[in-house]
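S.K.: Chain order of the listed sequences is A and B.
If you count the first sequence from 1, you need to add 21 to reach this note's numbering.
If you count the second sequence from 1, you need to add 21 to reach this note's numbering.
2 protein chains.
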Amino acid sequence: MPSRRLAHRVRSRLIPRRPRLRSAETRLRIIEAALQAFGDAGFDGALTREIARAAGIQQPLINYHFGSKHGLWQAAVEHLFGRLEASVEEALPRLGSLDPRDALAEVLELFVHFNAEHPELARLMIKEATARGPRLEWIIERHVRPSFEAVLQLVRQAQRHGSLYGIEPASAYCLFMGAATSVFVMAPAFQLLTGNDPFSAERRAAHAAALVRLFLPERTARRDTAAVRVERRPN
Amino acid sequence: MPSRRLAHRVRSRLIPRRPRLRSAETRLRIIEAALQAFGDAGFDGALTREIARAAGIQQPLINYHFGSKHGLWQAAVEHLFGRLEASVEEALPRLGSLDPRDALAEVLELFVHFNAEHPELARLMIKEATARGPRLEWIIERHVRPSFEAVLQLVRQAQRHGSLYGIEPASAYCLFMGAATSVFVMAPAFQLLTGNDPFSAERRAAHAAALVRLFLPERTARRDTAAVRVERRPN
DNA sequence: GTCTATAATTAGATAGAC
DNA sequence: GTCTATCTAATTATAGAC
Numbered sequence: 022m023p024s025r026r027l028a029h030r031v032r033s034r035l036i037p038r039r040p041r042l043r044s045a046e047t048r049l050r051i052i053e054a055a056l057q058a059f060g061d062a063g064f065d066g067a068l069t070r071e072i073a074r075a076a077g078i079q080q081p082l083i084n085y086h087f088g089s090k091h092g093l094w095q096a097a098v099e100h101l102f103g104r105l106e107a108s109v110e111e112a113l114p115r116l117g118s119l120d121p122r123d124a125l126a127e128v129l130e131l132f133v134h135f136n137a138e139h140p141e142l143a144r145l146m147i148k149e150a151t152a153r154g155p156r157l158e159w160i161i162e163r164h165v166r167p168s169f170e171a172v173l174q175l176v177r178q179a180q181r182h183g184s185l186y187g188i189e190p191a192s193a194y195c196l197f198m199g200a201a202t203s204v205f206v207m208a209p210a211f212q213l214l215t216g217n218d219p220f221s222a223e224r225r226a227a228h229a230a231a232l233v234r235l236f237l238p239e240r241t242a243r244r245d246t247a248a249v250r251v252e253r254r255p256n
Numbered sequence: 022m023p024s025r026r027l028a029h030r031v032r033s034r035l036i037p038r039r040p041r042l043r044s045a046e047t048r049l050r051i052i053e054a055a056l057q058a059f060g061d062a063g064f065d066g067a068l069t070r071e072i073a074r075a076a077g078i079q080q081p082l083i084n085y086h087f088g089s090k091h092g093l094w095q096a097a098v099e100h101l102f103g104r105l106e107a108s109v110e111e112a113l114p115r116l117g118s119l120d121p122r123d124a125l126a127e128v129l130e131l132f133v134h135f136n137a138e139h140p141e142l143a144r145l146m147i148k149e150a151t152a153r154g155p156r157l158e159w160i161i162e163r164h165v166r167p168s169f170e171a172v173l174q175l176v177r178q179a180q181r182h183g184s185l186y187g188i189e190p191a192s193a194y195c196l197f198m199g200a201a202t203s204v205f206v207m208a209p210a211f212q213l214l215t216g217n218d219p220f221s222a223e224r225r226a227a228h229a230a231a232l233v234r235l236f237l238p239e240r241t242a243r244r245d246t247a248a249v250r251v252e253r254r255p256n
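1. Starting from N136/A and walking both ways along the alpha helix (DSSP H), at which residues does that stretch end?
2. Any C-beta of chain B sitting closer than 9 Å to the C-beta of F102/A?
3. Measuring only between beta-carbons, confirm whether K148/B sits less than 9 Å from chain A.
4. On the DSSP letters alone, give me the boundaries of the alpha helix (DSSP H) that Q174/A sits inside.
5. Kindly indicate if chain B contains any beta-carbon less than 9 Å away from that of R38/A.
6. So what does DSSP say about A54/A, is it helix, strand or coil?
7. Please state if the CB of E149/A and the CB of L213/B are separated by a distance shorter than 9 Å.
8. Would you report the Cα separation of V233/B and Q79/A, rounded to the nearest angstrom?
9. Whose Cβ in chain B lies nearer than 7 Å to the Cβ of I161/A?
10. For A137/B, collect the residues of the same chain with a Cβ closer than 7 Å to its Cβ; drop the 5 residues on either side in sequence, then sort them by chain order.
11. How big is the Cα-Cα spacing for P238/A and A230/A?
12. Could you check where the alpha helix (DSSP H) with M207/B kicks off and where it finishes?
13. Among residues of its own chain, excluding the 5 on either side of A96/A, which ones have a beta-carbon nearer than 7 Å to its beta-carbon?
14. List, in chain order, every chain A residue whose beta-carbon is nearer than 8 Å to that of I52/B.
15. Helix, strand or coil for Q212/A, going by three-state DSSP, please let me know.
16. Pop quiz: R177/A and P167/A are said to be a contact at Cβ under 8 Å. What is the actual Cβ separation, rounded to whole angstroms?
17. Locate the alpha helix (DSSP H) running through A222/B, then write down its first and last residues.
18. Any idea what DSSP makes of T47/A, helix, strand or coil?
19. Counting only Cβ pairs nearer than 7 Å, list the residues of chain A close to E127/B.
20. Sorted by chain position, which residues of the same chain lie with C-beta nearer than 6 Å to R144/A's C-beta, five sequence neighbours on each side aside?
21. Since D65/A meets chain B, which of its residues come closer than 8 Å, beta carbon to beta carbon?
22. Kindly indicate which three-state DSSP category Y194/B falls into: helix, strand or coil?
23. Put G60/B into one of helix, strand or coil per three-state DSSP.
24. Using a Cβ cut-off of 9 Å (strictly closer), state whether H139/A contacts chain B.
25. Beta-carbon separation of L157/B and A210/A under 9 Å?
26. Just to confirm before moving on: does the CB-CB distance between D65/B and A62/A stay below 9 Å?
27. Examine chain A for any beta-carbon lying closer than 9 Å to the beta-carbon of P238/B, and answer yes or no.
28. Report buried or exposed for Y194/B, applying the criterion of at least 16 other Cβ atoms within 10 angstroms of its Cβ.
29. Please classify E46/A as buried or exposed, where buried requires at least 16 other C-beta atoms within 10 Å of its C-beta.
30. Pull up the CB-CB distance for A200/A and G199/B, whole angstroms please, since I reckon it's below 8 Å.
31. Answer with buried or exposed for Q174/B, where buried requires no fewer than 16 other C-beta atoms within 10 angstroms of its C-beta.
32. Let me know the secondary structure DSSP gives V31/B once reduced to three states.
33. Quick check: is the beta carbon of V233/A nearer than 9 Å to any beta carbon in chain B?
34. Cutting at 6 Å between CB atoms, please list the residues of its own chain near A179/A, excluding the five before and the five after it.
35. Quick check: is the beta carbon of S184/B nearer than 9 Å to any beta carbon in chain A?
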């Protein structure tokens, strides 16, 4: 039908369909839904159909935009680490001028707040980290190793100032990760056990303060720590 | 074929096939394989075929013994918590006579060593804890809540002696869990990042010592802590 | 109790219209 | 770019022989 093709060609010049914009919007909505799903249920537990439903599109669109479920997973991880890296970049200039121990405390707090805002990151990571495989190797080499090395440097500097005595830096990294993320990673379990929401502003602040107190006790007094409410519950 | 049936009946009386024993053995082998698989890949990622292969039996036997994949998961969790509870029972008499802070330190060390021996427990738990669902509710109410309450009691007692100041007990529980288990949970990632094995005897001991130092710094000097090797690596 | 064979279901991916 | 319809492959579960 040449006439129809012609009509289409004409219309396509008159009406700017901004295909890139719509595409980018759709991609983003899919990615947000995917992060939620992968974080909740892991790669195998997450269903592309469910992700599509949550994003308000049809399932084959995922393959159109990302090629495969694995491609979607990578794009989602990429997106989230991009946000984390942006947060760090933003804080970086401030950190340079600080005492290394204060810098470490700042990084800990930043990390706590990022995890409260985006619990998917640690959920997703930990689900891949329990067994070797292509996804783990990809995420480690592409995203984790740089921040790992940076934290090691910070820890070594803090240790030269007498903090974190006798803890191997790589162990300190794992301790940080575990202690900082666990409440948010297992928030549904925390909710079932205590009836409380770990994402509330007070609880985030208390959590960050507790972490700094644990890892850098000598820093606590010098910083304006958020009030810690020790709560009384019937049990 | 009546003659064959008769022969079978006769033979079955002469040769004691000890069916229960074989059954119990098989069940155990399936459960061990299942724990590994569920811990590595989560409920959805674990395949009953693979579990059967690892256990050296055929896949339908799983349904014969456990009814369903979900039944197998429950039996495996039950088995593992049984072991944990046995460890705790064993240590309990010793703990009663201790200062609550020392008792807490002992519990931390016991928990570290159990997790080093059975990383599946925390792997499995954390994979269910990220989203509400029937498996999470079952495991929380049946297995986690009792130990949660016990730890809260210990923390409150330790706080009355001045330890863990200003940390809400439920938060302390999460911090313990995260800090104690993370190296073992994400052992494959740790291995990729550092080239080291977190399960070695020295590393377990160092990890336990670091944890006690973090949470109960005043206890450290009084206890025979394992030597902590601060290791030097090229990077 | 354990096996072989297979049914039933459902996942991710593709084809093709619009 | 997005949709509908469908394919292919792989999973858990069942039937039935031994």
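C-beta: ideal position from N, C-alpha, C; glycine also.
Here the structure is a predicted model, which means the values were calculated and not measured.
M.R.: Reading from the atomic positions:
1. Walking along the first sequence from the start, residue 136/A turns up at place 115. Note, N136/A: alpha helix (DSSP H), P121 to E138.
2. For this step, residue 102/A is matched to residue 81 along the first sequence. Taking Cβ atoms only, chain B never reaches closer than 9 Å to F102/A, which makes this a no.
3. Position 127 of the second sequence holds residue 148/B. Interface annotation, K148/B: in contact with chain A, CB-CB separation under 9 Å.
4. Translated into positions along the first sequence, residue 174/A becomes position 153. Following the DSSP letters along the chain, one finds Q174/A inside the alpha helix (DSSP H) bounded by residues R166 to R181.
5. If you number the first sequence from 1, residue 38/A lands on position 17. Note that R38/A scores a pLDDT of 47, beneath 50, so its modelled location is shaky and nothing firm can be said.
6. Residue mapping note: residue 54/A aligns to position 33 of the first sequence, counting from 1. Correct three-state label for A54/A: helix.
7. To locate residue 213/B, count along the second sequence from 1; it is residue 192. To locate residue 149/A, count along the first sequence from 1; it is residue 128. At least 9 Å separates the beta-carbon of L213/B from that of E149/A.
8. As a position in the second sequence, residue 233/B is number 212, starting the count at 1. As a position in the first sequence, residue 79/A is number 58, starting the count at 1. Going by the C-alpha atoms only, they are around 52 Å apart.
9. Within the first sequence, the letter at position 140 stands for residue 161/A. By Cβ distance, chain B contributes A210, L213 and L214.
10. To locate residue 137/B, count along the second sequence from 1; it is residue 116. Contacts found: F205, F220 and R225.
11. The residue given as residue 238/A occupies position 217 in the first sequence. The residue given as residue 230/A occupies position 209 in the first sequence. For P238/A and A230/A, the distance between alpha carbons rounds to 10 Å.
12. Taking the second sequence and counting its residues from 1, one reaches residue 207/B at position 186. Membership of M207/B in any alpha helix (DSSP H) is not indicated, and neither H nor E is assigned to it by DSSP.
13. Taking the first residue of the first sequence as 1, we reach residue 96/A at position 75. Cβ neighbours of A96/A within its own chain (closer than 7 Å, five residues either side excluded): I52 and F87.
14. Position 31 of the second sequence, counted from the first residue, corresponds to residue 52/B. Within chain A, no residue comes near I52/B; the closest Cβ sits about 18 Å away, beyond 8 Å.
15. The sequence position of residue 212/A within the first sequence is 191, counting from 1. Three-state result, Q212/A: helix.
16. The residue labelled residue 177/A in the question sits at position 156 within the first sequence. The residue labelled residue 167/A in the question sits at position 146 within the first sequence. Their Cβ separation, rounded to whole angstroms, is 16 Å, which puts R177/A and P167/A out of contact at 8 Å.
17. Locating residue 222/B in the second sequence gives position 201, counting from the first residue. A222/B -> alpha helix (DSSP H) spans A222 to F236.
18. Translated into the one-based positions of the first sequence, residue 47/A becomes position 26. Helix.
19. For the purposes of this step, residue 127/B is identified with residue 106 of the second sequence, where counting begins at 1. Result: empty, since nearest Cβ-Cβ is about 19 Å, beyond 7 Å.
20. Along the first sequence, one-based indexing puts residue 144/A at 123. For R144/A, the CB contacts under 6 Å within the same chain, skipping 5 residues up- and downstream, are G60 and V206 in chain order.
21. Position 44 of the first sequence holds residue 65/A. Per Cβ cutoff of 8 Å: A62, G63, D65 and G66.
22. For the purposes of this step, residue 194/B is identified with residue 173 of the second sequence, where counting begins at 1. Y194/B: helix per DSSP, three-state reduction.
23. Counting from one through the second sequence, the residue named residue 60/B turns up at place 39. Looking at G60/B - three-state DSSP - the assignment turns out to be helix.
24. For the purposes of this step, residue 139/A is taken as the residue at position 118 of the first sequence. By this cut-off, H139/A is not an interface position.
25. By 1-based counting over the second sequence, the position of residue 157/B is 136. By 1-based counting over the first sequence, the position of residue 210/A is 189. Between L157/B and A210/A, the C-beta gap is smaller than 9 Å, which places the two residues in contact.
26. As a position in the second sequence, residue 65/B is number 44, starting the count at 1. As a position in the first sequence, residue 62/A is number 41, starting the count at 1. Yes, the Cβ-Cβ distance between D65/B and A62/A is below 9 Å.
27. Locating residue 238/B in the second sequence gives position 217, where the first residue counts as 1. For P238/B, the closest Cβ of chain A is nearer than 9 Å.
28. Numbered from 1 along the second sequence, position 173 holds the residue referred to as residue 194/B. Burial call: buried.
29. Here residue 46/A refers to the residue found at position 25 when the first sequence is read from its first residue. Exposed, by the Cβ-count rule.
30. By one-based count along the first sequence, residue 200/A stands at place 179. By one-based count along the second sequence, residue 199/B stands at place 178. Their Cβ separation, rounded to whole angstroms, is 5 Å, which keeps A200/A and G199/B in contact under 8 Å.
31. Here the question's residue 174/B lines up with position 153 in the second sequence. By the Cβ neighbour-count rule, Q174/B is exposed, with fewer than 16 other Cβ atoms within 10 Å of its own.
32. By 1-based counting over the second sequence, the position of residue 31/B is 10. Because the pLDDT at V31/B is just 43, under 50, the model does not fix this residue reliably, and the point stays unresolved.
33. By one-based count along the first sequence, residue 233/A stands at place 212. Interface residue (Cβ-Cβ distance to chain B less than 9 Å): V233/A is not classified as such.
34. Here residue 179/A corresponds to residue number 158 of the first sequence, with the count starting at 1. Contacts found: P121, R122, L125 and L185.
35. Within the second sequence, numbered from 1, the residue matching residue 184/B stands at position 163. No, S184/B lies away from the interface with chain A (no Cβ there is under 9 Å from its Cβ).
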